[in-house]
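Engineer: I have a structure here, written as structure tokens, and I will follow up with some questions on it.
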Amino acid sequence: MPPFPFTAIVAQEEMKRALLIAAVDPSIGGVLIFGDRGTGKSTAVRALAALLPKIRAVAGCPYSCSPESPPEACPHCAGQRGPGRDGNKVKTHLIPVPVVDLPLGATEDRVVGALDLERALMRGEKAFEPGLLARANRGFLYIDEANLLEDHLVDLLLDVAASGVNTVEREGLSLRHPARFVLVGSGNPEEGELRPQLLDRFGLACEVTTPTEIATRIEVVRRRDAYERDGEAFCAAQGKVEKALQKTILSARERLGDVSVPDAVLENAARLCVALGTDGLRGELTLMRTARALAALEGADTVTLAHLRQVAPSALRHRLRRNPLDESGSTARVARAVEEVLGPG
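To convert, note that position 96 of the sequence shown is 96 in full-length UniProt numbering; the numbers rise steadily by one, no gaps.
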């Protein structure tokens with residue numbers, strides 16, 4: 001059965017917007033989704049990946065490298081020649097955008113890769129067995145219950161997601177391979193929180209809740225039931241709107257570099273971060289990139305204060321210091337600061 005269509009997901013607008021923004025500009029740094037169970041978190045990630053067009057990859061490459069990428073960046077492709085290299089063409093094929101699940105019990109060896117024990121014992125060869133990071137290259141790495149994952153693994157994942165390269169130094173092996181992916185973490189805050197240092201490393205953080213409106217709940221149940229009864233027909237009915245959204249994403253990627261960010265907008269982004277007391281400059285940088293990606297999605301040539309208002313909660317709510325004198329939640333604090341700094345929307 002095909003994945004549930006992204007455009008058929010009811011409500012959860014902030015989560016859907018954040019995932020679309022990450023698909024347009026992966027450099028934003030991944031998405032963290034906190035909320036109740038059964039609110040469509042994993043469904044949305046798989047639906048977005050299925051929505052994107054297939055990617056062309058080098059045949060036989062365990063890292064799904066693009067034929068256009070420099071071969072020296074990949075241990076598998078280093079010995080091959082691509083188009084334009086001595087006139088030889090490497091074999092390629094089309095593959096779906098990868099979506100890799102990282103289970104809670106995963107060891108570091110399974111995540112980053114390790115020595116291929118079978119080849120080492122049977123043939124006496126030192127060979128690398130790629131891990132989950134290799135499979136996730138050029139796609140999405142999804143961590144359910146990220147708040148329950150060991151901190152050193154989360155730190156490792158964030159470092160690799162930021163650099164786009166996985167470096168392995170173990171059991172006599174020393175290699176680097178491409179690992180560019182959008183990191184998506186989800187979890188229930190009632191079951192534990194991520195350390196503030198790790199929270200700050202995610203680009204965007206969203207809150208999802210169980211719908212309380214009767215009409216919304218009925219529509220969610222109706223669509224899910226229709227999908228499970230006849231998934232092919234349900235997805236076919238969403239075909240036109242799915243194609244339209246796919247075109248919007250591809251167009252946004254192409255125009256992203258041409259979207260301008262006026263100095264006045266940058267100044268307001270900085271004032272907003274100062275008002276909220278965020279540490280460092282990662283807040284401003286993420287706020288700018290997120291607003292620019294949203295403008296590209298909307299077909300705008302320039303980032304405006306309206307774009308800042310829309311993305312401020314997702315870009316800043318997880319970067320706030322705890323204030324024992326302020327009992328309001330982080331979302332309310334961001335909303336209050338936005339109104340004070342940017343004025344009423």
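Positions of the beta carbon are idealized from the N, C-alpha and C atoms, including for glycine. Given the structure is predicted, the values throughout are model-derived calculations rather than measurements.
How many Å lie between L133 and P103 at the Cα?
Structural biologist: Working through the sequence shown from its first residue, we reach residue 133 at position 133. Working through the sequence shown from its first residue, we reach residue 103 at position 103. L133 and P103: Cα-Cα distance of roughly 13 Å.
Engineer: Looking at L256: is its Cβ nearer than 8 Å to the Cβ of A293?
Structural biologist: Counted from its first residue, the sequence shown places residue 256 at position 256. Counted from its first residue, the sequence shown places residue 293 at position 293. Taking 8 Å as the Cβ cut-off, L256 and A293 qualify as a contacting pair.
Engineer: Are V10 and E193 touching if we call contact CB-CB under 8 Å?
Structural biologist: One-based indexing of the sequence shown puts residue 10 at position 10. One-based indexing of the sequence shown puts residue 193 at position 193. No.
Engineer: So V31 packs on F202, CB below 8 Å; how close in whole Å?
Structural biologist: Translated into the one-based positions of the sequence shown, residue 31 becomes position 31. Translated into the one-based positions of the sequence shown, residue 202 becomes position 202. V31 to F202, Cβ: 7 Å. Contact.
Engineer: Looking only at its own chain, which residues have a Cβ that is under 6 Å from the Cβ of H93, when we skip the five neighbours before and after it?
Structural biologist: The residue labelled residue 93 in the question sits at position 93 within the sequence shown. Same-chain partners within the cutoff: A59.
Engineer: Can we say the region 259-275 touches the region 34-43, given the rule of at least three CB pairs closer than 8 Å?
Structural biologist: No contact exists between the region 259-275 and the region 34-43.
Engineer: If you draw a straight line from the C-alpha of V341 to the C-alpha of A312, how long is it?
Structural biologist: As a first step, residue 341 is located in the sequence shown; it is residue number 341 there, counting from the start. As a first step, residue 312 is located in the sequence shown; it is residue number 312 there, counting from the start. Distance between the alpha carbons of V341 and A312: 12 Å.
Engineer: Using CA atoms only, rank isn't needed, just tell me which of N188, G343, R321 is closest to C206.
Structural biologist: Residue 206 sits at position 206 when you count from the first residue of the sequence shown. Taking only the C-alpha atoms, the option nearest C206 is N188.
Engineer: Where G172 and E129 are concerned, what is the direct C-alpha to C-alpha distance, given to the nearest angstrom?
Structural biologist: By one-based count along the sequence shown, residue 172 stands at place 172. By one-based count along the sequence shown, residue 129 stands at place 129. Their Cα atoms are separated by approximately 13 Å.
Engineer: Would you list the residues sitting across from Y142 in a DSSP beta bridge?
Structural biologist: Translated into positions along the sequence shown, residue 142 becomes position 142. Answer is D101, V184.
Engineer: Starting from T286, trace the alpha helix (DSSP H) both ways and give me its first and last residue.
Structural biologist: The residue you call residue 286 lines up with position 286 of the sequence shown. Segment 282-297, the alpha helix (DSSP H) holding T286.
Engineer: Just to confirm before moving on: does the CB-CB distance between E150 and E191 stay below 8 Å?
Structural biologist: For this step, residue 150 is matched to residue 150 along the sequence shown. For this step, residue 191 is matched to residue 191 along the sequence shown. Not in contact: E150 and E191 (Cβ atoms no closer than 8 Å).
Engineer: Quick check: the region 66-81 against the region 237-244, are at least 3 beta-carbon pairs closer than 8 Å?
Structural biologist: No, the region 237-244 does not touch the region 66-81.
Engineer: Buried or exposed for Q197, please, with buried defined as at least 16 other CB atoms from any protein chain shown within 10 angstroms of its CB.
Structural biologist: The residue labelled residue 197 in the question sits at position 197 within the sequence shown. So Q197 counts as exposed.
Engineer: For T286, count the other beta carbons within 10 Å of its own beta carbon; 16 or more makes it buried, fewer makes it exposed. Which is it?
Structural biologist: Stepping through the sequence shown from its first residue, residue 286 is reached at position 286. Its Cβ being crowded by 16 or more others within 10 Å, T286 is buried.
Engineer: Can you give me the Cβ contacts of H76 inside the same chain, cut-off strictly under 7 Å, excluding the 5 residues immediately before and after it?
Structural biologist: Mapped onto the sequence shown, residue 76 falls at position 76. Counting only Cβ-Cβ distances below 7 Å, and skipping sequence neighbours, we find C61, P62, Y63.
Engineer: Would DSSP call G84 helix, strand or coil?
Structural biologist: Numbered from 1 along the sequence shown, position 84 holds the residue referred to as residue 84. The predicted model places G84 with a pLDDT of 42, which falls under 50 and marks its position as unreliable, so this point remains unresolved.
Engineer: Just to confirm, are L308 and A269 a CB contact at a threshold of 8 Å?
Structural biologist: Against the sequence shown, residue 308 aligns to sequence position 308. Against the sequence shown, residue 269 aligns to sequence position 269. Yes, they are a contact pair.
Engineer: Going by DSSP, which residues form a beta bridge with S260?
Structural biologist: Here the question's residue 260 lines up with position 260 in the sequence shown. Paired residue(s): T302.
Engineer: Should the region 43-53 be regarded as contacting the region 158-176, the criterion being three or more beta carbon pairs within less than 8 Å?
Structural biologist: The region 43-53 vs the region 158-176: no contact.
Engineer: Can you list, in chain order, the residues of its chain whose CB lies under 6 Å from that of V154, leaving out five sequence neighbours each side?
Structural biologist: For the purposes of this step, residue 154 is taken as residue 154 along the sequence shown, with counting starting at 1. L198, listed in sequence order.
Engineer: Near L52, what residues of its chain come up, given a Cβ to Cβ distance below 8 Å and the 5 sequence neighbours on each side ignored?
Structural biologist: Taking the first residue of the sequence shown as 1, we reach residue 52 at position 52. Cβ within range, chain order: A23, V97, Q246, I249.
Engineer: Could you tell me which whole alpha helix (DSSP H) segments of length 4 or greater appear in the region 7-56?
Structural biologist: Here the runs fully enclosed are 13-24, 41-51.
Engineer: If you drop the 5 nearest sequence neighbours on each side, which residues of the same chain put their C-beta closer than 8 Å to that of L320?
Structural biologist: As a first step, residue 320 is located in the sequence shown; it is residue number 320 there, counting from the start. Excluding positions up to five away in sequence, the list reads L276, G277, T278, S330, R333, V334.
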